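Under the working numbering, think of the first position of the sequence shown as 3, with each following residue one higher.
Heads up, the beta-carbon is just placed ideally off N, CA and C, and yes, glycines get one too.
Here the structure is a predicted model, which is why all the values come from computation and not from measurement.
Here the structure is laid out as structure tokens; the discussion comes afterwards.
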Amino acid sequence: MLVEWMDTALSGPAPASGLDPTPFMKRAAEKFGGPGLDVAMAYLRGIDVNQQIDPWTRIRRTDWADTRQLEDLFKSENLETLYGKFFDQRFIDYIARNFDEEIDDVHWRQFEALTAEHFEKQGFRVELGPGRNDDGIDVRVFPKDDNPSLPPLIIVQCKREKRKIGKTLLKSVYADVLWEKAGSGLIVTTTELSPGTDGVRQARAYPVEAIDRGKLRDWVLAMRTAPT
């Protein structure tokens, strides 16, 4: 009953002063009488309290200046957006709500853009590679106000795949760090380093870190639209 009311309320024009719970309360009273109305009011009070202590539970309506097809997230290399430098904010919000179900199917180019957008939001100067023929470096990260002629602070390799990351990729990223004279390398993956790969990384003290699936989820959650 509550879900039905919210779906109906959110399907129309954006309300000027929040959602009106009156239809929900009337329906509860009609179907269950006084006790039903009491339960409905208690439930609404609980929602109100929860909104005060946890801003992420607030219902938020945003009027976007354009539309974006969701299938682009999974099928397109097109990165044009009005809401983000590299990656559309609406895609971030969608992934944040459906991370485990959708992250593995995000188009590889969109995944690279998501990574670039993370560093952009952190205040770095970011160069996103061409996507193809990039010599294995997907993203270069620089301090915001650093000399443009200086080497990257971080070079990033993005791997959206289901297999664990092996030693070959680790050594490739390390070689790129040396070649670019970068501060460090980073592998961003929807999986994780294999135990053997991580063992080699630590034993040889390679300046290469990894953002695994769990850390990637944290990235996305931190990037989602904050309620207002």
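Residue i vs residue j beta-carbon contact at 8 Å
| i | j | result |
| --- | --- | --- |
| Arg70 | Phe113 | no |
| Ile139 | Gln159 | yes |
| Glu211 | Ser174 | no |
| Gly133 | Glu82 | no |
| Leu130 | Phe88 | yes |
| Val179 | Phe101 | no |
Option in the options with minimal Cα separation from residue i
| i | options | result |
| --- | --- | --- |
| Ser151 | Lys173, Lys183, Glu79 | Lys183 |
| Thr191 | Pro209, Trp181, Lys164, Glu79 | Lys164 |
| Trp110 | Asn135, Val128, Leu75 | Leu75 |
| Thr170 | Val141, Pro154, Val202, Leu130 | Val202 |
| Lys166 | Asp214, Arg142, Ala115, Phe101 | Asp214 |
| Ala207 | Tyr96, Tyr176, Thr117 | Tyr176 |
| Asp148 | Tyr96, Val128, Val141 | Val128 |
| Trp181 | His120, Glu122, Tyr96, Asp137 | Asp137 |
N-terminal and C-terminal residue of the alpha helix (DSSP H) that residue i is part of
| i | result |
| --- | --- |
| Gln91 | 91-99 |
| Leu115 | It should be noted that the sequence gives Ala, not Leu, for residue 115. Here the alpha helix (DSSP H) through Ala115 covers 110-123. |
| Glu129 | No alpha helix (DSSP H) contains Glu129, which is instead part of the beta strand (DSSP E) from 127-130. |
| Glu79 | No alpha helix (DSSP H) contains Glu79, which DSSP labels as neither H nor E. |
| Ala1 | Lying outside 3 to 230, the shown extent of the chain, residue 1 is not represented and no answer is given. |
| Ala224 | 215-225 |
| Arg203 | 197-205 |
Alpha carbon of residue i to alpha carbon of residue j, nearest angstrom
| i | j | result |
| --- | --- | --- |
| Gly35 | Thr24 | 15 Å |
| Lys146 | Phe126 | 5 Å |
| Gly86 | Glu73 | 18 Å |
| Ala205 | Leu84 | 45 Å |
| Ile157 | Asp200 | 18 Å |
| Ala98 | Ala115 | 15 Å |
| Thr227 | Glu32 | 38 Å |
| Pro57 | Asn135 | Because the pLDDT of Pro57 is 46, which lies under 50, any placement of that residue in the model is unreliable, and the question is left without a value. |
| Lys77 | Ala118 | 19 Å |
| His120 | Leu172 | 22 Å |
| Glu122 | Ala30 | 48 Å |
| Val141 | Tyr96 | 23 Å |
| Pro153 | Leu188 | 15 Å |
| Val143 | Pro209 | 15 Å |
| Ala224 | Lys28 | 38 Å |
Delimiting residues of the beta strand (DSSP E) encompassing residue i
| i | result |
| --- | --- |
| Val190 | 186-191 |
| Lys161 | 156-161 |
| Asp144 | Looking at the sequence itself, residue 144 is Phe, so the reference to Asp does not match. It spans 141-144 - the beta strand (DSSP E) in which Phe144 sits, taken as one unbroken run. |
Within-8 Å CB hit, residue i to chain D
| i | result |
| --- | --- |
| Glu104 | Looking at the structure shown, chain D is missing, and only one protein chain is on hand. |
- Message: With three or more beta-carbon pairs closer than 8 Å as the criterion, would you say the segment 87-99 touches the segment 193-211?
- Response: no
- Mind the definition here: the segment 95-113 touches the segment 214-226 only if three or more C-beta pairs lie below 8 Å; say whether that holds. yes
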